[in-house]
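Colleague:
There are 6 protein chains.
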Amino acid sequence: MSDRGLTHIDPLGRARMVDVTPKEATHRRAIARCKVFMLPETTSKVASNAMSKGDVLGAARIAGIQAAKRTAEMIPLCHPLLVGSVAINFDIRDDYVEVEAQVETVDRTGVEMEALTACAIASLTIYDMCKSADRSMTIGELALWEKTGGRSGVWRRPA
Amino acid sequence: MSDRGLTHIDPLGRARMVDVTPKEATHRRAIARCKVFMLPETTSKVASNAMSKGDVLGAARIAGIQAAKRTAEMIPLCHPLLVGSVAINFDIRDDYVEVEAQVETVDRTGVEMEALTACAIASLTIYDMCKSADRSMTIGELALWEKTGGRSGVWRRPA
Amino acid sequence: MSDRGLTHIDPLGRARMVDVTPKEATHRRAIARCKVFMLPETTSKVASNAMSKGDVLGAARIAGIQAAKRTAEMIPLCHPLLVGSVAINFDIRDDYVEVEAQVETVDRTGVEMEALTACAIASLTIYDMCKSADRSMTIGELALWEKTGGRSGVWRRPA
Amino acid sequence: MSDRGLTHIDPLGRARMVDVTPKEATHRRAIARCKVFMLPETTSKVASNAMSKGDVLGAARIAGIQAAKRTAEMIPLCHPLLVGSVAINFDIRDDYVEVEAQVETVDRTGVEMEALTACAIASLTIYDMCKSADRSMTIGELALWEKTGGRSGVWRRPA
Amino acid sequence: MSDRGLTHIDPLGRARMVDVTPKEATHRRAIARCKVFMLPETTSKVASNAMSKGDVLGAARIAGIQAAKRTAEMIPLCHPLLVGSVAINFDIRDDYVEVEAQVETVDRTGVEMEALTACAIASLTIYDMCKSADRSMTIGELALWEKTGGRSGVWRRPA
Amino acid sequence: MSDRGLTHIDPLGRARMVDVTPKEATHRRAIARCKVFMLPETTSKVASNAMSKGDVLGAARIAGIQAAKRTAEMIPLCHPLLVGSVAINFDIRDDYVEVEAQVETVDRTGVEMEALTACAIASLTIYDMCKSADRSMTIGELALWEKTGGRSGVWRRPA
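Protein chains in written order, with the numbering used here: chain A, 1 to 159; chain B, 160 to 318; chain C, 319 to 477; chain D, 478 to 636; chain E, 637 to 795; chain F, 796 to 954.
1. What did DSSP end up calling C714(E) once you bin it into helix, strand or coil?
2. In three-state terms, what does DSSP make of P72(A)?
3. Anyone know if the C-beta pair for G299(B) and G140(A) falls short of 8 Å?
4. Name the two residues that bound the continuous beta strand (DSSP E) containing V563(D).
5. For the 8 Å Cβ check, are there 3 or more pairs between the segment 445-461 of chain C and the segment 339-358 of chain C?
6. So for G299(B), helix, strand or coil by DSSP?
7. Check each candidate in V894(F), R903(F) and V898(F) and name the one with the smallest Cα separation from S918(F).
8. Check whether the Cβ atoms of M51(A) and T117(A) sit closer than 8 Å, and answer yes or no.
9. If you measure between the beta carbons of V881(F) and V892(F), is that distance less than 8 Å?
10. Can you list the residues of chain C that T503(D) reaches, using a CB-CB cut of under 7 Å?
11. Below 7 Å on C-beta distance, what does V901(F) contact in chain E?
12. Apart from the five residues on each side of it in sequence, which residues of its chain come closer than 8 Å, Cβ to Cβ, to A810(F)?
13. Which chain E residues sit within Cβ distance under 8 Å of K363(C)?
14. Any Cβ of chain D within less than 8 Å of the Cβ of V404(C)?
15. So which residues on chain B does I75(A) lean against when the C-beta distance must stay under 8 Å?
16. What in chain E is Cβ-close to T360(C), meaning under 7 Å?
17. What in chain E is Cβ-close to D110(B), meaning under 7 Å?
18. Consider the C-beta atom of Y127(A) and the heavy atoms of the ligand MG; say whether any pair is separated by less than 7 Å.
19. Would you kindly report the start and end of the unbroken alpha helix (DSSP H) that includes A507(D)?
20. Determine the DSSP secondary structure at K500(D), reduced to helix, strand or coil.
21. Under the assumption that T619(D) contacts A507(D) (Cβ atoms under 8 Å), give the Cβ distance between them as a whole number of angstroms.
22. Look up Y255(B) in the DSSP assignment and give the residues it is bridged to.
23. Looking at T105(A): is its Cβ nearer than 8 Å to the Cβ of L81(A)?
24. Starting from S600(D), trace the alpha helix (DSSP H) in both directions and tell me its first and last residue.
25. Closest by CA to D568(D), which one among H556(D), R547(D), Q543(D) and C596(D)?
26. Going by C-alpha to C-alpha distance, which of T466(C), E430(C) and M335(C) sits closest to A222(B)?
27. Taking only three categories from DSSP, how would you classify D321(C)?
28. Sort E342(C), M431(C) and D446(C) by Cα distance to Y763(E) and report the nearest one.
29. Three-state secondary structure (DSSP) at A699(E)?
30. Please look up how many angstroms separate the CB atoms of A184(B) and T284(B), rounded, as I've assumed it's under 8 Å.
31. Check K783(E) in the structure and name its three-state DSSP category.
32. To the nearest whole angstrom, what separates the beta carbons of H397(C) and A390(C), a pair I think is in contact under 8 Å?
33. Which same chain residues end up closer than 6 Å to P830(F) when comparing Cβ atoms and leaving out the 5 residues on each side of it in sequence?
34. Between L434(C) and chain B, is there a C-beta pair that is closer than 8 Å?
35. When you compare only the Cα positions, how much space is there between T784(E) and M447(C)?
36. Let me know if R426(C) comes out buried or exposed under the rule of 16 or more other beta-carbons within 10 Å of its beta-carbon.
Right, dumping it as structure tokens:
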């Protein structure tokens, strides 16, 4: 088309998946976290595995792992990659459950979006399994905490 | 198996998708919102469509709509349903972009998880398209705001 | 948001999935066709099942049926629906293979996109299985030929 | 095409998804079972949740539920439908784990394939999580045990 | 099986995914194009972003990018690969919109099918968003224009 | 989280995808088999391509190939990988059809689960296409027969 005078309709605003083919495949890791805020009665039920829909954190862990693998299907400009490991952990506090996802790969592009998406989907699974017991829940503070590998080296969120 | 003395290994903790077949198909709607917190320079670039990866809100809208349709694939115990409409809107403020998803259907089960998942994936798309410009971003305040239809009638989040 | 002065950034240009919940579920059918143009030697090999990658039309038929079921995953504003039947047929001519897809459902929205997508994916499957033998192939004349059901009744493409 | 003398290349052998649109939507249920044969040491580890890859039956249950929802994506001529409930249970015996899946819906077509697919994927998940400990495993006796609803009424596998 | 006298039922006609494991991973690129033919009034509306369903080309671009990533899910014998970049461009003329997809990767197999599938799905998205305004539309001239990398080097469609 | 005293709720039972990033990418192959037991009349119909739903083995072959590519979507802790070749073969005997899947790749992790999943889904496809003719069918003896590549070298199931 370029040879026939293609009118670039939207030279700046057009979405495109940036080219990562010149990059080298290196080991990359990302850690993301978020919180599911809920009533203290709800965190108790989650902790004692007493929620009627079943093992909340077990299901959330599987959902998060599965989501990490399929991130590029969901996020339009995210590069597909093969995750090499995914671990999801939980910290139950008085009025929230903290979700942490750690993802690793050896690839040309980082796993930041995979870790964040795993956190989001694990949190939504917790929400789904607790929602009949607690309508006050919100999900917040979803953020990247660490990112290593690639040209930019190590990055950690300032405390 | 019940006739042969099945040992129910985990009578309480076992995950199951609750039966909605006795419910009636009625019109249902849900509205969810969340915020992508970012630097004022970043909201400006989003507003003026100046982000190098392309039209941020256009891509986020499509991603959110697509995610609403596939919610049950991501959230393990969420019932599959056919969404009848999805609308995603944005409100750009000084230091955040608010995302709102409204989903409607006629089905035996509500669309709360679809609206929340649409918000989450639209927000992650915004994050993905702005992350090379702003490392401070976080996603928060993801919550249900309205839910109508089904036995429980109309529910609105208290202001 | 509307109650708090939401700035509708793109009142006209914003993508949304139009609401079909007020529509009635009726029987709907659509027929689409397209052509895969190829060398006469290639149509001969397809007809005699002599292509090295295997049974071209058998694979294309399965691919088209599977694509019809997943159309709404691929086409952003297309409503999800449950296809009730899909049939894919082929007509081998001298220098093309014609593909025809017929899709039926009982739903609030039509199956036009499902029939067109089934044709496109079946054609691409034919292309994929013949491409090592014939680099001249093109796919063309993809069009809707018939559409029945819903408010607009019966429509047929003028001859 | 029929009006232009379409050569039906394969009048009998051609795959097609049979039309269910004339059928009535009724309540349907199916129960399927299968067995994962393994060493007694392996069943012990599964029972005591001592497998290094994590909670085997918890993960298998989620995998089976998710597979039931996506059966029509995997089985080419299977009609898509919306499952209304899925329950997966396990019975740990000396040298095998029995998997049972029960699926219900209100639709024009039955849930036999959904129950069988849920069993198969749950069994493969058990296999995957135990395979580093036991190379002798096989999966067998996958069968339908009960099917109710639709024109054919109630069917039970003869004892 | 071969050691036990397997009857190869269909020695020639059987579909199989050819082995690419002996190939080397090299940089590969493909460019495909097609046209969505429509009324001049319709191209005008697309160009001025006046279509009621929203930003047609923005949605088509995202749909095409997403389709490129999932090509191997749709085309049965197509090898899965990780696309490294995807760009979709449009050229609006009097009575058609031309769609161009360029895909790159570093892999053992080419991205020809990814570029063609991206064009097809982007075109179907344009069709879907304009179909309420214009029933005359057809999609045609879908073809590969350039292919580089791998053993066969550079290939360009003769003008 | 580790820096703030994360309570590891389930130190042993928690599911996680083990890290394969330190492993080397090598050529790997796996062969799995299973049997679909059916009435002799049914095997005859399959062999003579006389089943009303169409070409049973042709459809099962495509379904098995497609399932091999998507194994990691279905099996929660299975690593995603890019299959390099998939071949599905059948052996029709008096009262069963044997299914064999051979999968190859060059990756950090083996293709055992891909071969088993391909067998399972191909078998379920055979079942689905024959079930209206034969209610006695069962699927059994699904097992790995050969596995080569990686640290553990060559493994063959003892006869």
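Where is the CB? At the ideal position from N, CA and C, for every residue including glycine.
Modeller: If we stick to the structure as given:
1. DSSP places C714(E) in the coil class of the three-state scheme, outside both helix and strand.
2. Inspection of the sequence shows that residue 72(A) is occupied by Ala rather than by Pro. Residue state, collapsed to three classes: helix.
3. Yes, Cβ-Cβ distance for G299(B) and G140(A) is below 8 Å.
4. Element bounds for V563(D): S562 to I569.
5. Short answer: they touch.
6. For G299(B), the three-state secondary structure derived from DSSP is strand.
7. If we check each option's Cα against that of S918(F), V894(F) comes out closest.
8. At a Cβ-Cβ threshold of 8 Å, M51(A) and T117(A) do not count as neighbours.
9. The Cβ atoms of V881(F) and V892(F) lie no closer than 8 Å to each other.
10. Per Cβ cutoff of 7 Å: no residues; T503(D) is ~14 Å from chain C at best.
11. Contact note: V901(F) reaches chain E through T657, using a C-beta cutoff of 7 Å and chain order.
12. Sequence-distant partners of A810(F) (beyond 5 residues in either direction) whose C-beta falls short of 8 Å from its own C-beta, in its chain, are P871 and L872.
13. Listed along chain E, no residue sits closer than 8 Å to K363(C) by beta-carbon distance, the nearest being about 11 Å off.
14. Taking a beta-carbon distance threshold of 8 Å, V404(C) counts as an interface residue toward chain D.
15. Result: A222, I280, L283, T284 and D287.
16. Going along chain E, no residue has its Cβ under 7 Å from T360(C), so there is no contact; the nearest lies around 15 Å.
17. Residue coverage of chain B in this structure runs from 160 to 318, which leaves residue 110(B) outside it and unanswerable.
18. Although the ligand MG was asked about, the structure shown includes no ligands whatsoever.
19. Where A507(D) is concerned, there is no enclosing alpha helix (DSSP H), although the beta strand (DSSP E) it sits in stretches over T503 to F514.
20. Looking at K500(D) - three-state DSSP - the assignment turns out to be coil, as it is neither helix nor strand.
21. The amino acid at residue 619(D) is misidentified as Thr; the sequence shows Leu. Actually they are not in contact, since the Cβ atoms of L619(D) and A507(D) sit about 13 Å apart, beyond 8 Å.
22. Residue pairing of Y255(B) in beta bridges, as defined by DSSP: F196(B).
23. Between T105(A) and L81(A), the C-beta gap is smaller than 8 Å, which places the two residues in contact.
24. Unbroken alpha helix (DSSP H) run through S600(D): E589 to C607.
25. Comparing Cα positions, the closest option is C596(D).
26. Measuring from the Cα of A222(B), the nearest candidate turns out to be M335(C).
27. In this prediction, D321(C) has a pLDDT of 35, which is less than 50 and means its spatial position is unreliable; what the coordinates show is noted afterwards. Helix, per DSSP.
28. For Y763(E), the nearest C-alpha among the options comes from M431(C).
29. Helix at A699(E).
30. About 31 Å separates the beta carbon of A184(B) from that of T284(B), a gap too long to meet the 8 Å contact definition.
31. Reduced to three states, the DSSP call for K783(E) is strand.
32. Contact flag correct, Cβ pair sits at about 6 Å.
33. Reading the sequence as shown, one finds Lys at residue 830(F) and not Pro. Excluding positions up to five away in sequence, the list reads Y891, E893, G935 and E936.
34. Taking Cβ atoms only, chain B never reaches closer than 8 Å to L434(C), which makes this a no.
35. If you take the alpha carbons of T784(E) and M447(C), they lie about 19 Å apart.
36. By the C-beta density criterion, R426(C) is buried, having at least 16 other C-beta atoms within 10 angstroms.
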